[in-house]
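Visitor:
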Amino acid sequence: MRQAALLFSLLLAPAALAQQHAGQPSAGTPRIHEPGNGQPLANVPISNLYPGNVAASPDIQNPLHNDPESVQRGMNNFIAFNCVGCHAPNGGGGMGPSLSDNKWIYGSKPAQIYLTIAQGRPNGMPAWAGMLPSDAIWDLVSYVQSIAEKPSDKLGKTISPTSPSIEQVPAEFVSSPTPWRMTEPFSSGRQPGTKK
Amino acid sequence: MWRAFFAFAGVLACINSARADTPLSYLSGFGDKADATTPLLWGLIFVSCVVIILISAFVLSGAWLRRSRDSMPTQGPIAVMSQPGGGAWITIGVGVSTLVLIGLVVWNGVTMAAILGPPPNTQLEIEVRAHQWWWEFNYHDANPSQSFTTANELHIPVGETVKFILASDDVIHSFWVPALGGKTDVIPGQMNLAWLKANRPGVYRGQCVEYCGKQHAHMGLLVKADPPDEYTAWRKAQIAAAPSRPNELGDAADLFVLNCGACHTARGTQAGGRVGPDLTHLMSRSTIAAASFPNNIGYLSGWIANPQGLKPGCHMPGLDISAHDLDRIRAFLETLK
Amino acid sequence: MKTWSIAALLCFLPCAAATAQDLNETSKDPKQWVMAPRDYANTRYSDLDQITKDNVAKLQLAWSFSLGIPKGQEAAPLIVGDTMFIVSPFPNKVFALDATSGDLKWAYVPATDPASQGVACCDVVTRGLAYDRGRVFLATLDNHVVAIDANTGQEVWNTKIGDINLGETVTMAPLVVKGKVLVGDSGGELGVRGKLTAVDEGSGKILWRAFSTGPDQDVLIGSEFKPFYDQFKGKDLGVSSWPPDAWKIGGGTIWGWISYDPQLNLIYYGVGNPGPWNPNQRPGDNLWTTAIFARNPDTGQARWAYQLNPHDLWDHDEINENVLLDLNIDGKDRKTLVHPGRNGYMYVIDRESGEVISADAYDTVNAYLGVDVKTGRPTPNPAKIAPLGKPAQDVCPASPGAKDWQPVAWSPRTRLLYVPHQHLCMNYQATEVGYIAGTPYVGATVDMYAGPGGYRGEVAAWDPVKRTKVWANKENFPAWSGALVTKGDIAFYGTMDRWFKAVDATNGKELWRFRAGSGIIGQPVSFQGKDGRQYIAILSGVGGWPGVVANAEVDPRVRNGALGFTGAMQDLAAHTAAGSDLLVFALPSDVAQPSQAAPSQAAPPPAPPQPQPQPPARQPRPRRHGRP
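Protein chains in written order, with my numbering: chain A, 1 to 196; chain B, 1 to 337; chain C, 1 to 628.
(1) Within 10 angstroms of its Cβ, does Q610 (chain C) collect 16 or more other Cβ (buried), or is it exposed?
(2) Residues in the same chain with beta-carbon distance under 8 Å from L6 (chain A), minus the five sequence neighbours each way, listed in chain order, please.
(3) Within 8 Å of any Cβ in chain B, is that where the Cβ of W242 (chain C) sits?
(4) At which residue ranges does the stretch 367–432 of chain C contain complete beta strand (DSSP E) runs of 3 or more residues, listed in the order of the chain?
(5) Under 8 Å, CB to CB, which of the residues in the stretch 133–152 of chain A have a partner in chain B?
(6) So, are the CB atoms of Q307 (chain C) and G222 (chain C) less than 8 Å apart?
(7) Would you kindly report the start and end of the unbroken alpha helix (DSSP H) that includes M316 (chain B)?
(8) So, at 7 Å on beta carbons, what are the nonlocal neighbours of P215 (chain C) in its own chain, with the 5 sequence-adjacent residues on each side left out?
(9) On the criterion of 16 or more Cβ atoms from any shown chain inside 10 Å, does R267 (chain B) qualify as buried, or is it exposed?
(10) So A80 (chain A) contacts chain B; which residues on that side make the cut at Cβ distance below 8 Å?
(11) Within 8 Å (strictly less), CB to CB, does L388 (chain C) reach chain B?
(12) Measuring alpha carbon to alpha carbon, tell me which of C:W405, C:A294 and C:S353 ends up nearest P340 (chain C).
(13) With distances taken from CA atoms, which of A:I60, A:G91 and A:H65 is nearest M75 (chain A)?
(14) Check distances from the C-beta atoms of the stretch 159–189 of chain B to those of chain A and list, in chain order, the residues that come in under 8 Å.
(15) Could you tell me which of B:N152, B:P118 and B:G159 sits nearest to I165 (chain B), measuring between CA atoms?
(16) Determine which residues of the stretch 208–227 of chain B have a Cβ less than 8 Å from any Cβ of chain C, and write them out in chain order.
(17) Classify N37 (chain A) as helix, strand or coil using the three-state DSSP reduction.
(18) State the Cα-Cα distance for the pair Q119 (chain A) and S47 (chain A), rounded to the nearest angstrom.
(19) Along chain B, which residues have their Cβ under 9 Å away from the Cβ of M75 (chain A)?
(20) Using a Cβ-Cβ cut-off of less than 7 Å, give me the residues of the stretch 434–465 of chain C that come near chain B, in sequence order.
(21) By the three-class DSSP mapping on this structure, what secondary structure does L138 (chain C) have?
(22) Would you please verify whether the beta carbon of P317 (chain B) is less than 8 Å from any beta carbon of chain A?
(23) Between the Cα of M95 (chain A) and those of C:D590, C:G567 and C:G561, spot the shortest distance and give me the residue it belongs to.
(24) In the DSSP assignment, what residue or residues form a beta bridge with W107 (chain B)?
(25) Going by the beta-carbon positions, is the gap between G494 (chain C) and W471 (chain C) smaller than 8 Å?
(26) Can you tell me the Cα-Cα spacing of A402 (chain C) and I319 (chain C), whole angstroms?
(27) Since C260 (chain B) is in the alpha helix (DSSP H), which residue starts that stretch and which ends it?
(28) So, with DSSP's three-state summary, where would you put P179 (chain A)?
(29) Strictly under 8 Å for the Cβ-Cβ distance: is L258 (chain B) near chain A by that measure?
(30) With DSSP as the reference, label R235 (chain B) as helix, strand or coil.
(31) Taking 8 Å as the CB-CB limit, is S301 (chain B) close to chain C?
(32) Could one say the Cβ of Q132 (chain B) lies closer than 8 Å to chain C's Cβ atoms, at least one of them?
(33) Measuring alpha carbon to alpha carbon, tell me which of C:S64, C:N280 and C:A460 ends up nearest L484 (chain C).
(34) Can you check whether the C-beta of M131 (chain A) is within less than 8 Å of a C-beta belonging to chain B?
(35) Of all the residues that make up the stretch 127–155 of chain B, which are near chain C by a beta-carbon distance shorter than 7 Å?
(36) Can you grab the Cα-Cα spacing for the pair N381 (chain C) / A367 (chain C), in whole Å?
Structural data, given as structure tokens:
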């Protein structure tokens, strides 16, 4: 009978361990990240004009920048919280401005993107701070930075019958937090090249 | 050796006798589907035991007899002896085993084929969506206004076959209510069918049985088999929107919508999120967090305050809210009867 | 002082005389254009014929006006007496201009909430103003109905009829019927509960409100309700054809056109798509989305309803206009309503009973296999139902339908309907979506592209009796502007690649084209100026759902943008940029008035009765635009 008990305890060990977790937070439990990591988020500038020609620029990193799962969680949030409805799959834009082209109305730094989401912006961006915990917003920041095109040394873009020359593989075929890794020739309004 | 064998048999006996403490026992069934497979289970266990006993007996006796019959030379090579006539034993042994095995395969095939799909004319259809790490149940109905969504606790009418459509949006899960029937995998991008029928009222526990991530072990469900009248009343109550709040709760519903509404639905409020379980009738459920904890004030408060403490890695985030707000949100949740 | 006041009185008398008339009568005056759809029947037919097939080639710009808002210009100018009223996209500025000279009389600038731009699904457009009894009625994007004194530009009252935090906006042109300003709402992509509101034109009080979903009491379905088909009979179908409570966020917005039959005393309008787009989240027929309602304008009570797309799968709103025509069909004179469906079928419906007489495809349709006029139901094409987790492919027409809001014109002379429309197909993947008030409630990943043949738009002439297409002009981009047809048998329309075109109404042959500053998605109108010349007015300024690719921050390389329209409009920005110009055309004076030199010319202008004496100060100056 002792063996039976031993057998049982071996079988049930993972469950028992999990039960132990239930009582106290373990070391791996994510805590809620303070938005500014102790830095004054209120000092993050949204404008590029600084009186006195010196910018107050608190050094605020995305607290989740080392978390490899943050981008994927951000993508889930982007869909679940209806960001996708305005900014479109892969951030192509529509009701809201595009997030795919590395053009940033309210700043490209993580803290600036965080504030844009949290505070909203007057021309139609809702303020999400009340609804989403700060970690969810930081995950969104990770994702939004991931879908933006890599910065270019060119100041502008050319629009002409031959430019742009590429487009993303559309989201109905490929769902990815790094959509710029899959492109194909520009279709000019015709059926996408992706074969079914 | 014999002690180990008796211990194993004892374990089986224990599992079978202490049913109340072993809600996931599959050694006896409580519904048509399980009833069909239980004899198969016991039959196969019996045959397996016989095989083990026979083979053990042959191996042991072989070793024993050889040792007693011949005196081994103490030196030099051991001669390999050839005994004519042994081939017949192999032929007979393999032949008998093959026949038994074929018989078992046929028995197994016939039994499983009989319960493969739901019986024709199955009326009740429930769509099961498996999520990391909870279960969503969409009760379908030809009349759309009689359909509804709930989570983690199924109610089914006793004596009626229920068809399940299984789908997953994330990873592979598996749907299993041992006392009522076997497992069916839940696979993203695919619709699998399952069915169950409970012949006795009661609460049957189910569990995800395909490893699906950190909280796989805490992805449970309860199936409550109700007498038809109770089931009808439950269903009617589920279809209704959440009751209106008593005035003393003030804007607690707004707090709920603001803090919980992006992920949870409570019909009757503006909360319409679909990330987490539908909470319209949360208080009609006896457990929370996928049958992980009893649904009482303590656990409910603890869950809102620190879900990562109770179920580390789950997708419900910690909410950065004051104790006062937490209290009011919990008080609001308690109205979702 | 006394003489001045008499002069002033004289000056205002004509306006008063004109406006005291029944709007229905005024709308028949070919010199004016007093409601966006021209008349209650929504014909957009001008009874002026100074511009003919022979002289239209000489049409030239008479004057222009910049509205200063570089967004989609979908509005129809109104011409009442000598004044033109025009409204800009958000923030919905209103301008009153002298219709002949283009002089600005006044401007009204509402304090429209900038946040409303964030809940407008498809550019911040408006489709026009309404006018009655000396007042101009404006509906702002942020749900205010405003009455403005037509003479002074002063605000008389404003009434809020919706909430942007519930996703509600207004983009349609109001219509005034029997002293009631009728305004619907937009927001079918944001989980709103669609409704039509009747506001008293005198006081601004809300008189009745008819929801598109919910219990009969809210939908204003009562004892008068006599639908033709059985599936529309029964109690509270606006509740029972939905999952519990889904009707509360089920869309069914009203953002298109309203028609009115004064004899039957019924208004007609189409209802938008159910929300969310993902059909799996709303099993059932989802009444009364994508339906046409006939209602009593006095009480709002429904007389009949007909749902075109039960359990809509593709965002096929049916807000398109209902043109009220008396047609002889199979030897019988019938009072009909012609509805160019977004689903690709041209419906001819008995407007007394709601019976579908015919429904024929006028563009490539494979989303449905046809419409059974016996049951009134379309047959969805099972081959286009997507496998789980995969997109449906090559679905035609795409989500904007074979035709969207852009209104058709009907000529009683050619007895043809002039139909500007698009020619698009799409890939469509339904995805799960949660409801968060004030955010999009769509649940679909859409990717549109040019339909078979590689073109994206078409302007067609359709014979609703013979049920055939008489001619069709293909266009590279969707024909997103309205159409106008005149007594001179000329049809006018604009294109998104900046052309304003005049074509022969009988065969579609192009007679004239003008290169505009920006793509055209507006509504052409025609009127007669003080100088006796016939004018054609149109707004230029690309935008709207397809046009955001050129006028907003939309990346043409991401096909699923703009609810999937980016895919079809990727190259638009290489053809046009945003704009906001009102363009007013007329023939040169010497061409316009040959009658002065040769009074016995064969085709004189119709010279409709003109009872109002012109005050001396406003004498027409016919030579003003000509060379001395």
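All residues carry an ideal CB built from backbone N, CA and C; glycine is no exception.
Guide: Straight from the coordinates:
(1) At Q610 (chain C), the pLDDT of 46 sits below 50, so the modelled position is not reliable; the number obtained from the coordinates is stated separately. Q610 (chain C) comes out exposed.
(2) Any reading at L6 (chain A) needs caution, since the residue's pLDDT is 42, under 50, leaving its predicted position unreliable; the model's value is listed next. If we look at L6 (chain A) and ignore the five residues flanking it on each side, it has no Cβ neighbours.
(3) yes
(4) 368–372, 377–380, 392–395, 409–411, 416–422 and 424–430
(5) P133, S134, D135 and A136
(6) no
(7) M316 (chain B) -> no alpha helix (DSSP H), and no H or E assigned at all.
(8) D236, G238 and V239
(9) buried
(10) A262, C263, G273, R274 and V275
(11) yes
(12) C:W405
(13) A:G91
(14) none
(15) B:P118
(16) none
(17) coil
(18) 15 Å
(19) Ordered by position in chain B, no residue passes the 9 Å Cβ test against M75 (chain A), which lies about 13 Å from the chain.
(20) G434, Y435, I436 and A437
(21) strand
(22) yes
(23) C:G561
(24) Paired residue(s): none; W107 (chain B) is not in a bridge.
(25) no
(26) 13 Å
(27) A252 to C260
(28) helix
(29) yes
(30) helix
(31) no
(32) no
(33) C:A460
(34) yes
(35) N143, P144, S145, S147 and F148
(36) 5 Å
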